[in-house]
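K.L.:
Have a look at this one.
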Amino acid sequence: MNNIVEKIWEYGAILVSTDDGFDLASGKKSPIYIDCRSLISYPDVMDLIAKEASKIVKKTGVEILAGGETAGIPYAAWISARTNIPMAYIRRRPKGYGRTSQVEGSMDSGKKVLLVEDLITTGYSKESFVEGIRNTGATIEHCLVVFDREQGGRERLKENGIELHSLVTLSETLDYGLKTGELSQEDYEKIQKYLEDGSE
1 MNNIVEKIWE
11 YGAILVSTDD
21 GFDLASGKKS
31 PIYIDCRSLI
41 SYPDVMDLIA
51 KEASKIVKKT
61 GVEILAGGET
71 AGIPYAAWIS
81 ARTNIPMAYI
91 RRRPKGYGRT
101 SQVEGSMDSG
111 KKVLLVEDLI
121 TTGYSKESFV
131 EGIRNTGATI
141 EHCLVVFDRE
151 QGGRERLKEN
161 GIELHSLVTL
171 SETLDYGLKT
181 GELSQEDYEK
191 IQKYLEDGSE
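Set out below in C-alpha cells:
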C-alpha cells in the first residue's frame, strides 16, 4: 500500500499547517488536512486505488458498491468498472423533489452493499449513509475508505455492525512523510501530540 501513500504525498493531497491549522467539518482545528478529492484528477493513482480496493471488495462478497455523496462517488465508479460489481450512490439525505430518493441506482431489498468513501475521521458522517442504505431493505456490513485518519471512525462503525477497510492510514502516511523528508520532525511531533490529545 506504500505506493498509494507515495502518490498521496507526490500529488499534494497532504496539507500541513501546525501553526494555523485547518477547519474540519466538526468545527475543530486540525494541523493536517487530507484532500483525497484532489486525487480523482490523476488516472494513475485512481487505477492504483481501484486495483488495491478491488482485492478487498471481492473478499467481502458484496453485490453493490454505494458511493457516498460526493467524494465517494468517483472511487465507487472506478472500483465498479474494475470489479464489474454494480454501483449506486447515496445522498446524505433524501432529495426534496421528484422521487425524493436518497439512493440513486438499483439497490434492492436483501442485497449486500459496501459503502465507498474517500476518508473517515470519527465516522459520524457515515451514519446517514448507512441509515439510507438500510432503509431500502439492503444490508450493509462493510465500508471501504481510501484514507483512515484513525480518530475513532473504525470503532464507531463497528458499533453499527460495520467493518471498516482502509487502503491508507494516517500513521503510515506520517511515518512515510518523516522518513522521506516530506514532513519535518517538528511538524511530525506536533501532529502526534494533536492525535494523542484526542482532538477531532
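The UniProt record's numbering puts the first residue of the sequence shown at 1, with every later residue one more than the last.
Just so you know, even glycine gets a beta-carbon here, dropped at the ideal spot from N, CA and C.
1. Could you say which of V145, Y188, S109, G152 lies nearest to Y75 if we only look at CA atoms?
2. I'd like the list of long-range same chain contacts for G67, defined as Cβ closer than 6 Å, with 5 residues on each side in sequence excluded.
3. Take G177 and list the residues in its own chain whose beta-carbon comes closer than 8 Å to its own, dropping the five residues that flank it on each side.
4. What number of angstroms, rounded off, separates the C-alpha of S30 from the C-alpha of G153?
5. Closer than 8 Å by C-beta to Q185: which residues in its own chain qualify, once you throw out the five before and the five after it? Chain order, please.
6. Do you know whose CA, among K112, I85, L119, S109, lies nearest Q151's CA?
7. When the Cα of K112 is compared with those of Y42, I85, L174, V168, which residue comes out closest?
8. When DSSP builds the beta bridges, which residues end up paired with E163?
9. So for D148, helix, strand or coil by DSSP?
10. Would S166 be called buried (16 or more neighbouring beta carbons within 10 Å of its own) or exposed?
11. Give me the residue from R93, K28, T60, K7 with the minimum Cα distance to M46.
12. In whole angstroms, what separates the C-alpha of I64 from that of V103?
13. Just to check my reading of the structure: L114 and V57 have Cβ atoms closer than 8 Å, yes? What is that Cβ distance to the nearest angstrom?
14. Leaving out five residues before and five after S80 in sequence, what residues of the same chain have Cβ atoms less than 8 Å from its Cβ?
15. Consult DSSP for T122 and reduce its assignment to one of helix, strand or coil.
16. Comparing C-alpha positions only, which one of F129, R82, E172 sits nearest to P94?
17. CB-CB under 6 Å to A50, same chain, minus the five flanking residues each way: which ones, in chain order?
18. Answer yes or no: do K190 and T18 have a C-beta to C-beta separation smaller than 7 Å?
19. Taking the alpha-carbon positions, what's the C36 to A53 distance?
P.N.:
The structure says:
1. Mapped onto the sequence shown, residue 75 falls at position 75. Looking at the Cα atoms, V145 is the closest of the given residues.
2. Position 67 of the sequence shown, counted from the start, is the residue given in the question as residue 67. Short of 6 Å from the beta carbon of G67, and not among the five residues preceding or following it, lie these beta carbons of its own chain, in chain order: I73, A76, Y89, V116.
3. For the purposes of this step, residue 177 is identified with residue 177 of the sequence shown, where counting begins at 1. So the qualifying residues of the chain are W9, I14, L183, Y188.
4. By 1-based counting over the sequence shown, the position of residue 30 is 30. By 1-based counting over the sequence shown, the position of residue 153 is 153. One Cα belongs to S30, the other to G153, and the distance between them is close to 16 Å.
5. In the sequence shown, counting from the first residue as 1, residue 185 sits at position 185. Closer than 8 Å at Cβ, skipping near neighbours: L178.
6. Taking the first residue of the sequence shown as 1, we reach residue 151 at position 151. Answer by Cα proximity: L119.
7. Your numbering for residue 112 matches position 112 in the sequence shown. For the residues Y42, I85, L174, V168, the minimum Cα distance to K112 belongs to I85.
8. Mapped onto the sequence shown, residue 163 falls at position 163. DSSP, once it has assigned bridges, lists H142 as partnering E163.
9. As a first step, residue 148 must be located in the sequence shown, where it is residue number 148. Three-state DSSP puts D148 in a strand.
10. As a first step, residue 166 is located in the sequence shown; it is residue number 166 there, counting from the start. With 16 or more neighbouring CB atoms inside 10 Å of its own CB, S166 falls in the buried class.
11. As a position in the sequence shown, residue 46 is number 46, starting the count at 1. From the listed residues R93, K28, T60, K7, the smallest Cα separation to M46 is found for K7.
12. As a first step, residue 64 must be located in the sequence shown, where it is residue number 64. As a first step, residue 103 must be located in the sequence shown, where it is residue number 103. The straight-line gap from Cα to Cα measures roughly 12 Å.
13. Taking the sequence shown and counting its residues from 1, the one referred to as residue 114 is at position 114. Taking the sequence shown and counting its residues from 1, the one referred to as residue 57 is at position 57. Sure, about 6 Å apart at Cβ, within 8 Å.
14. The residue labelled residue 80 in the question sits at position 80 within the sequence shown. For S80, where only same-chain residues beyond five positions count, the Cβ hits under 8 Å are L65, P86, M87.
15. In the sequence shown, counting from the first residue as 1, residue 122 sits at position 122. In the structure shown, T122 sits in coil (DSSP, three-state: anything other than H, G, I, E or B).
16. Residue mapping note: residue 94 aligns to position 94 of the sequence shown, counting from 1. That would be F129, whose Cα lies nearest to the Cα of P94.
17. Locating residue 50 in the sequence shown gives position 50, counting from the first residue. Its chain contains W78, I79, R82 as the residues whose beta carbon lies nearer than 6 Å to that of A50, once the 5 sequence neighbours on both sides are disregarded; these appear in chain order.
18. Counting from 1 along the sequence shown, the entry for residue 190 is found at position 190. Counting from 1 along the sequence shown, the entry for residue 18 is found at position 18. Closer than 7 Å, so yes.
19. Within the sequence shown, residue 36 is the residue found at index 36, counting from 1. Within the sequence shown, residue 53 is the residue found at index 53, counting from 1. The straight-line gap from Cα to Cα measures roughly 15 Å.
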